[in-house]
Structures are given as C-alpha cells and as structure tokens.
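**Q** Going by this note's numbering, the first residue of the sequence shown is number 12, and it counts up by one from there. Even glycine gets a Cβ: it sits at the ideal position worked out from N, Cα and C. Predicted, not measured: the structure shown is a model, and the values here were computed from it. Below you'll find the structure I mean.
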Amino acid sequence: MHRKIHGLTESDLFPVPCSLCGSTRSAREHRRGIFEYRRCSHCRFVYLSPRPTQAKLVECYQRYLPDREPDIDAWERMMEVVFSRAAEAATRHAGGGPGDLLDIGCAHGFFLSRMRGLGWRVKGLEIAKKAIGFARSKGLDVTEGTLADRPFPPASFDVVSAFYVVEHVWDPVEFLRDIHALLRPGGLAIVRWPHTAPLVRFLMALREDLGLYDPPWHLSQFEPGTIALAMRRAGFRDIRTGTGGWTRPANPSGRAISALGGRLAELYGGITGQLFPGVSKTTTGVRV
Ligand SMILES: [Zn+2]
12 MHRKIHGLTE
22 SDLFPVPCSL
32 CGSTRSAREH
42 RRGIFEYRRC
52 SHCRFVYLSP
62 RPTQAKLVEC
72 YQRYLPDREP
82 DIDAWERMME
92 VVFSRAAEAA
102 TRHAGGGPGD
112 LLDIGCAHGF
122 FLSRMRGLGW
132 RVKGLEIAKK
142 AIGFARSKGL
152 DVTEGTLADR
162 PFPPASFDVV
172 SAFYVVEHVW
182 DPVEFLRDIH
192 ALLRPGGLAI
202 VRWPHTAPLV
212 RFLMALREDL
222 GLYDPPWHLS
232 QFEPGTIALA
242 MRRAGFRDIR
252 TGTGGWTRPA
262 NPSGRAISAL
272 GGRLAELYGG
282 ITGQLFPGVS
292 KTTTGVRV
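This is the structure we're talking about:
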C-alpha cells in the first residue's frame with residue numbers, strides 16, 4: 012500500500028538500532044499508520060524504527076513550524092510558563108548574574124528574547140527558515156543549521172537550552188554530547204521533552220492514541236530513566252528531572268487540562284518526590 016504522510020511513504024523509511032545502547036533487539040511498542048515505535052529490549056528506550064533519512068526529515072521540517080502571525084503568538088503564550096521556569100533555573104545556576112546562552116531549535120526566538128531581557132548574551136540555532144527570519148527581525152542572533160555543522164566554538168556558553176528538540180534529533184546521545192562540548196565547565200544544559208509513553212499506553216487501552224507520539228517528528232519517546240541514561244552517556248553529571256512548568260495550548264479546554272495537569276504534577280512531585288507520568292518534563296545536567 013502507498014499511503015503518503017507528510018510526503019513520506021513506506022519506501023522512505025529505514026530500520027535503525029537503539030540510539031542509546033546500539034542494541035538491535037526490540038519489541039513493537041506502538042504503531043500508527045506507516046510508523047512504528049520499538050522498545051529496546053536492553054535499555055527500554057522507545058524509538059521510531061523504521062524512520063526517514065535525516066535529509067528527508069530536514070526537508071519535511073520546512074513545513075513544521077507555524078508561520079501565520081496568530082499561530083506564532085499562540086506558540087509564545089503556550090511556552091510562557093515553561094520558559095519562565097527555565098529562565099529561573101538558568102539565573103539560579105549562574106549565581107544570579109547573566110551569562111552566555113545558546114537556545115537550540117530556538118524557533119521564533121521567544122526564549123532568547125526573554126533571556127536577553129534579563130541581560131544575557133544570547134544566540135539561537137534553528138533549521139526552519141521562516142522562523143529564523145522572524146527571530147532575526149527582532150534583532151536576535153540566530154544561526155541556520157544544526158549542531159552537526161559545528162556552528163560555535165567549544166566551551167563558549169554558560170547555559171545551553173533545547174525545548175522540545177531532543178525527541179526530534181536523529182541521535183540523542185550525540186546531540187547531548189555536542190551540547191556538553193559547547194558548555195563551559197560548570198555550565199548547565201536545560202532539556203525539555205514530552206513524557207508521552209505512559210499516557211499513550213493508558214489511551215491505547217481505550218483504543219485511542221490522540222496522535223501524541225507525533226511520528227515522524229518524534230524519533231525518540233523518552234522516560235525519566237532513558238533521558239537520564241542519555242545524559243549520562245553524553246557526559247553530564249548532577250542530572251535532575253522535574254515538571255518545569257506546563258504548556259498553555261491555544262484552545263481553552265486544552266489550556267485548562269494542561270495547567271491542571273502541570274499543577275497536579277508539581278504538587279505530586281513536591282509531596283512524594285516522584286515524577287508524575289504523562290506530562291512534559293525538563294531535565295538539567297551539569298558539565299563538570
Ligand atoms: Zn537500548
């Protein structure tokens with residue numbers, strides 16, 4: 012059968028081993044249309060396999076981010092609480108003073124603007140051309156490309172952030188290793204990721220996945236254990252995962268559910284010291 016999703020057919024997809032441990036032993040975790048997620052039998056990491064080539068994905072990304080004004084504004088509002096928590100974490104880690112910050116996958120540059128407002132020297136990295144144009148029109152220094160292009164000298168930032176990027180990258184350990192190399196000793200990585208696997212498992216009992224796994228965009232489905240493993244393998248120490256705020260979707264019911272879930276998750280974490288499944292998480296790690 013030849014179904015096209017985001018311009019992709021089954022013939023564009025190739026199997027890959029586990030990107031965390033290299034094992035090829037895995038079991039099907041989830042299937043949606045032509046896409047399949049596998050759970051590694053060795054380290055429990057969930058990843059998209061088969062998947063499109065990197066070149067094909069970059070092509071698809073030109074149509075990924077919103078480019079209409081109302082949608083861009085909605086995106087800024089959606090990330091507001093998450094950005095504010097991340098800004099607090101960065102400032103706390105820097106001992107109160109501003110430093111040098113890189114935001115990878117900075118999209119329209121809203122986190123950069125916020126940090127620049129706090130006195131930080133900021134740079135962005137992005138692949139979506141229209142979003143780059145928007146960010147540059149706000150006077151932000153945004154480089155087009157990916158970390159694989161080696162766009163910045165090593166050890167040149169105090170904080171490197173990446174919001175909802177790690178689940179998109181081809182090789183998450185390599186991506187985190189590149190972030191590690193860009194940090195100065197003592198520098199902080201702030202990595203935001205969707206914690207979708209428990210929610211999808213619950214929803215599948217009701218025969219509905221709401222498309223939360225979001226193939227082919229999400230190549231990895233992290234859980235607290237596997238993101239910590241990826242961060243450790245990349246060289247990070249003092250790895251912490253927390254709720255880190257919540258998103259505020261444009262539609263009122265989605266916004267209410269997200270805020271309620273986020274507040275409950277923070278409350279639950281505060282009381283039990285455990286992580287609430289199914290809501291996005293922020294993981295931080297330090298370069299020693
Ligand atoms: Zn594995």
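#1: Below 8 Å, how does it come out for the region 235-254 and the region 74-90: are there three or more Cβ pairs, yes or no?
#2: Looking at the structure shown, is residue 99 part of a helix, part of a strand, or coil, going by DSSP?
#3: Any chance the CB of residue 104 is under 7 Å from a heavy atom of ligand 1?
#4: Any heavy atom of ligand 1 closer than 7 Å to the beta-carbon of residue 56?
#5: Output the residue ranges of the beta strand (DSSP E) runs that lie fully inside the region 24-60 and measure 3 residues or longer, sorted by chain position.
#6: Tell me whether residue 191 counts as near ligand 3, meaning its Cβ is closer than 7 Å to at least one heavy atom of that ligand.
#7: On a CA-only basis, which of 176, 169, 202 and 111 is nearest residue 152? Give me that one, please.
#8: Is the Cβ-Cβ distance between residue 39 and residue 55 less than 8 Å?
#9: Between which residues of its own chain and residue 143 is the CB-CB distance below 6 Å, once the five residues before and five after are set aside?
#10: Considering only their Cβ atoms, is the gap separating residue 294 from residue 202 smaller than 8 Å?
#11: Throw me the rounded Cβ distance for the residue 125 and residue 94 pair, which I believe falls under 8 Å.
#12: Report all residues from its chain with a CB closer than 7 Å to the CB of residue 13; omit the five preceding and five following residues, and keep chain order.
#13: Where residue 51 and residue 165 are concerned, what is the direct C-alpha to C-alpha distance, given to the nearest angstrom?
#14: Quick check on DSSP: helix, strand or coil for residue 223?
#15: Mark residue 299 as exposed unless 16 or more other C-beta atoms lie within 10 angstroms of its C-beta, in which case mark it buried.
#16: Is residue 68 helix, strand or coil when you go by DSSP?
#17: Skipping 5 residues on each side, what residues in its chain have a beta carbon closer than 6 Å to that of residue 96?
#18: What is the DSSP secondary structure of residue 113, counted as helix, strand or coil?
#19: Given the structure, does residue 179 come close to ligand 1, in the sense that its CB is under 7 Å from one of the ligand's heavy atoms?
#20: Considering only residues of the same chain and omitting the five flanking positions on each side of residue 133, which have a CB-CB separation below 6 Å?
#21: Hey, out of 249, 230, 64 and 29, whose CA is closest to residue 199's CA?
#22: According to DSSP, is residue 80 helix, strand or coil?
#23: Tell me the DSSP bridge mates of residue 141?
#24: Residue 215 and residue 296: beta carbons closer than 8 Å?
#25: According to the Cβ coordinates, are residue 290 and residue 273 closer than 8 Å?
#26: Can you give me the start and stop residues for the beta strand (DSSP E) that residue 172 sits inside?
#27: Can you tell me which of 107, 167, 188 and 208 puts its alpha carbon nearest to the alpha carbon of residue 195?
#28: In chain order, what residues of the same chain have a beta carbon less than 8 Å from the beta carbon of residue 65, not counting five sequence neighbours either side?
**A** In terms of the structure at hand:
#1: Counting C-beta pairs with one atom in each stretch, the region 235-254 and the region 74-90 have fewer than three that are closer than 8 Å, which means they do not touch.
#2: Along the sequence shown, read from residue 1 onward, the residue named residue 99 stands at position 88. Residue state, collapsed to three classes: helix.
#3: Counted from its first residue, the sequence shown places residue 104 at position 93. For ligand 1, not one heavy atom lies less than 7 Å from the Cβ of residue 104.
#4: As a first step, residue 56 is located in the sequence shown; it is residue number 45 there, counting from the start. Residue 56 Cβ: within cutoff of ligand 1.
#5: 37-43, 46-51 and 57-59
#6: Judged by which ligands are present, ligand 3 is missing from the structure shown, whose ligands are ligand 1.
#7: Locating residue 152 in the sequence shown gives position 141, counting from the first residue. When only C-alpha atoms are compared, the closest one is 111.
#8: Translated into the one-based positions of the sequence shown, residue 39 becomes position 28. Translated into the one-based positions of the sequence shown, residue 55 becomes position 44. Not in contact: residue 39 and residue 55 (Cβ atoms no closer than 8 Å).
#9: As a working note, residue 143 is residue 132 in the sequence shown. If we look at residue 143 and ignore the five residues flanking it on each side, its Cβ neighbours are 137, 153 and 155.
#10: Working through the sequence shown from its first residue, we reach residue 202 at position 191. Working through the sequence shown from its first residue, we reach residue 294 at position 283. Yes, the pair counts as a contact, with Cβ atoms nearer than the cut-off.
#11: Locating residue 125 in the sequence shown gives position 114, counting from the first residue. Locating residue 94 in the sequence shown gives position 83, counting from the first residue. The pair is a contact, with the Cβ atoms about 6 Å apart (cut-off 8 Å).
#12: As a first step, residue 13 must be located in the sequence shown, where it is residue number 2. Per-residue confidence for residue 13 stands at a pLDDT of 43, beneath the threshold of 50, marking its modelled position as unreliable; the derived number appears in the next sentence. The residues are 20.
#13: Here residue 51 corresponds to residue number 40 of the sequence shown, with the count starting at 1. Here residue 165 corresponds to residue number 154 of the sequence shown, with the count starting at 1. Approximately 32 Å between the Cα atoms of the pair.
#14: Within the sequence shown, the letter at position 212 stands for residue 223. Residue state, collapsed to three classes: coil.
#15: As a position in the sequence shown, residue 299 is number 288, starting the count at 1. So residue 299 counts as exposed.
#16: Residue 68 sits at position 57 when you count from the first residue of the sequence shown. If DSSP states are grouped into helix, strand and coil, residue 68 belongs with the helices.
#17: Here residue 96 corresponds to residue number 85 of the sequence shown, with the count starting at 1. Cβ within range, chain order: 255 and 256.
#18: Working through the sequence shown from its first residue, we reach residue 113 at position 102. DSSP places residue 113 in strand when its eight states are reduced to three.
#19: Residue mapping note: residue 179 aligns to position 168 of the sequence shown, counting from 1. Every heavy atom of ligand 1 is 7 Å or more from the Cβ of residue 179, so no.
#20: In the sequence shown, counting from the first residue as 1, residue 133 sits at position 122. Excluding positions up to five away in sequence, the list reads 112, 123, 126 and 127.
#21: For this step, residue 199 is matched to residue 188 along the sequence shown. Checking every option, the nearest Cα to that of residue 199 belongs to 249.
#22: One-based indexing of the sequence shown puts residue 80 at position 69. DSSP places residue 80 in helix when its eight states are reduced to three.
#23: Sequence index remark: in the sequence shown, residue 141 carries index 130 (1-based). DSSP lists no partner for residue 141.
#24: Position 204 of the sequence shown, counted from the start, is the residue given in the question as residue 215. Position 285 of the sequence shown, counted from the start, is the residue given in the question as residue 296. Going by C-beta atoms, residue 215 is not nearer than 8 Å to residue 296.
#25: Residue mapping note: residue 290 aligns to position 279 of the sequence shown, counting from 1. Residue mapping note: residue 273 aligns to position 262 of the sequence shown, counting from 1. Cβ atoms of residue 290 and residue 273: closer than 8 Å.
#26: Against the sequence shown, residue 172 aligns to sequence position 161. Element bounds for residue 172: 168-174.
#27: The residue you call residue 195 lines up with position 184 of the sequence shown. Shortest Cα-Cα distance from residue 195 to any of 107, 167, 188 and 208 involves 167.
#28: The count along the sequence shown starts at 1 and reaches residue 65 at position 54. Answer for residue 65: 181, listed in chain order.
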